[in-house]
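Note sheet for the following structure.
Residue numbers (the UniProt record's numbering): 1 to 257.
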């Protein structure tokens with residue numbers, strides 16, 4: 001275990017699985033205590049217990065709807081009380097409700113906006129209160145290459161593009177308080193969410209990954225640790241002069257064979 005984040009507390013929303021869990025584990029590997037927020041408390045608790053056992057840090061799970069301001073404020077107060085601070089926030093919580101616009105319902109739109117945009121806003125607002133007082137903080141928002149447009153994801157693409165504008169603006173507002181705000185936009189990452197999406201479309205997940213890899217410059221799909229490693233760098237003191245940036249973690253420009 002390294003000590004890059006020794007004495008720090010990192011909060012990861014949607015941290016029960018996939019990119020979120022790997023990000024929390026990466027922070028813990030480098031000495032941070034971690035708070036894992038998720039609607040699925042059983043999954044979050046399992047992740048926290050595994051991380052604590054493997055890396056010897058404090059890891060706690062919290063059931064939290066990131067779009068609920070009262071719940072978020074209470075949760076963040078509890079994190080500070082139980083873990084001694086709040087230095088890093090990764091706004092990773094996300095859902096998909098894919099459909100073409102003529103089939104998409106208002107609830108499909110509202111659910112995606114509430115989790116991604118309202119959630120990032122509410123969590124960042126709560127976190128910055130602690131970070132401003134401490135004159136230190138790191139916030140990373142998880143966007144997506146879908147921000148550039150993706151058929152059947154008008155809600156998700158819009159939300160992920162919105163997070164990029166949110167990032168740049170928050171960097172301008174919080175920079176004077178020694179708070180860095182950046183954004184990571186993953187491409188195709190092999191997670192349960194992308195496997196479930198493949199199955200919904202009638203594809204075998206392994207075949208779907210192989211097909212997607214053909215259009216990726218490095219000729220493979222991404223893994224959760226590919227994203228977690230970039231997030232960790234942006235939250236490190238080595239990246240102290242990096243803020244307001246959108247980093248695409250997508251294996252290079254998309255190719256067409």
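Glycine included, every Cβ here is placed at the ideal spot set by N, Cα and C.
Taking every protein chain shown into account, the CB of residue 62 has 16 or more other CB atoms within 10 angstroms, so this residue is buried. Annotation: residue 95 to residue 17 spans about 13 Å, alpha carbon to alpha carbon.
Residue 60 has 35 as its beta-bridge partners, per DSSP. With fewer than 16 other CB atoms across the displayed protein chains lying within 10 angstroms of its CB, residue 218 is exposed. Counted as a single uninterrupted DSSP element, the alpha helix (DSSP H) harbouring residue 69 occupies residues 69-83.
With fewer than 16 neighbouring CB atoms inside 10 Å of its own CB, residue 253 falls in the exposed class.
Taking C-beta atoms as the reference points, residue 134 and residue 13 fail to come closer than 8 Å. Just so you know, the alpha carbons of residue 228 and residue 105 end up roughly 33 Å apart.
Here the alpha carbon of residue 56 sits roughly 37 Å from the alpha carbon of residue 147. Annotation note: the stretch 102-160 contains the following uninterrupted alpha helix (DSSP H) runs of length 4 or greater, listed N- to C-terminal: 106-113, 119-134. Excluding the 5 residues flanking it on each side, residue 119 has same chain C-beta neighbours closer than 6 Å at 66, 67, 93, in chain order.
For residue 229, the uninterrupted alpha helix (DSSP H) segment begins and ends at 224-234. Scanning the stretch 160-245 from its first residue to its last, the whole beta strand (DSSP E) runs of 3-plus residues come out as 179-186. A direct Cα-to-Cα measurement between residue 83 and residue 160 gives close to 30 Å.
Contact between the stretch 168-182 and the stretch 240-247 is present: three or more C-beta pairs spanning the two stretches fall below 8 Å.
The straight-line gap separating the alpha-carbon atoms of residue 87 and residue 34 is approximately 10 Å.
C-alpha of residue 50 to C-alpha of residue 23: approximately 13 Å in a straight line. Residue 60 holds the alpha-carbon nearest to the alpha-carbon of residue 81 among 69, 60, 197, 64. Per the coordinates, the alpha-carbon of residue 204 lies some 12 Å from the alpha-carbon of residue 212.
Distance from the Cα of residue 226 is smallest, within the candidate group 251, 209, 246, 207, for 251. For a cut-off of 8 Å, the C-beta gap from residue 246 to residue 164 is around 5 Å, short enough to register as a contact. DSSP, reduced to helix, strand and coil, places residue 96 outside both helices and strands of the structure shown, so it counts as coil. Per DSSP, the continuous alpha helix (DSSP H) segment holding residue 52 begins and ends at 41-55.
DSSP places residue 10 inside the beta strand (DSSP E), whose first and last residues are 9-13. About 23 Å separates the beta carbon of residue 248 from that of residue 196, a gap too long to meet the 8 Å contact definition.
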